[in-house]
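Structure, as structure tokens:
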């Protein structure tokens, strides 16, 4: 396929277009979650289960993907199970763990909701050449990595900040205790 001429754009215009896309997708994901009777975090976790396919994830795997504690993941899995989206299966290698599987009826519901949108995206991709698709795929992949790295940096800074607060609090308590004993 021959490339369709595209209008020139600056990096600033590309960032503005990306921000608009992200905002539209955030609203879209919220709408999809609501239509499925889920919250956005539960939908994200179910998406991880779907992406894993037959390579069933553990609760710990999902907690890591979603950046939540294992305790929070237990609540998420309880809600997904009650809503009929997942089942828990014993891990054949370790009976103390469970693996999470998607319920086929839930997969069908999600596919019915997302299918028309993905069809439109595929129609849009069809208007790009193979070379343009390669550039888009490279950009999406690299941007995802960049975003994840930045999120990890933010979390590490917050963890260090929380750690300093804990240390400062313990130091202050120790000083107060020593002062009271003096």
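In UniProt numbering, the protein residues as written are 1 to 182. For every residue, glycine included, the Cβ atom is placed at its ideal position computed from N, Cα and C. Since the model is a prediction, treat every value here as computed from it, not as a measurement.
Where does the unbroken beta strand (DSSP E) through residue i begin, and where does it stop?
| i | result |
| --- | --- |
| residue 101 | 94-102 |
| residue 87 | 86-91 |
Relative to the alpha-carbon of residue i, which residue among the options has its alpha-carbon at the smallest distance?
| i | options | result |
| --- | --- | --- |
| residue 87 | 75, 101 and 62 | 101 |
| residue 67 | 151, 17, 131 and 50 | 151 |
| residue 108 | 23, 153, 84 and 136 | 84 |
| residue 28 | 49, 90, 118 and 10 | 118 |
| residue 147 | 6, 18 and 11 | 18 |
| residue 104 | 158, 6, 53 and 154 | 53 |
| residue 49 | 95, 106, 25 and 72 | 106 |
| residue 91 | 123, 20 and 61 | 61 |
| residue 155 | 71, 64 and 138 | 64 |
| residue 25 | 71, 121, 12 and 175 | 121 |
In the DSSP assignment, find the alpha helix (DSSP H) that holds residue i and state where it starts and stops.
| i | result |
| --- | --- |
| residue 25 | 11-36 |
| residue 52 | 40-52 |
| residue 65 | 59-66 |
| residue 184 | Any property of residue 184 remains undetermined from this structure, which presents the chain solely from 1 to 182. |
On the DSSP bridge assignment, give the partners of residue i in chain order.
| i | result |
| --- | --- |
| residue 141 | Answer is none; residue 141 lacks a bridge partner. |
Mind reading off the beta-carbon distance from residue i to residue j? Whole number of angstroms is fine, and I expect it under 8 Å.
| i | j | result |
| --- | --- | --- |
| residue 127 | residue 4 | 6 Å |
| residue 30 | residue 40 | 6 Å |
| residue 125 | residue 133 | 6 Å |
Does residue i come within less than 8 Å of chain C when only Cβ atoms are used?
| i | result |
| --- | --- |
| residue 164 | Among the protein chains of the structure shown there is no chain C, as only one such chain exists. |
- Query: Is there contact between the stretch 41-48 and the stretch 76-93, where contact requires at least three CB pairs shorter than 8 Å?
  - Reply: yes
- Query: Are the stretch 97-114 and the stretch 49-65 in contact at 8 Å, needing three or more beta carbon pairs?
  - Reply: yes
- Message: Within 8 Å, do at least three Cβ pairs link the stretch 31-43 to the stretch 104-120?
- Response: yes
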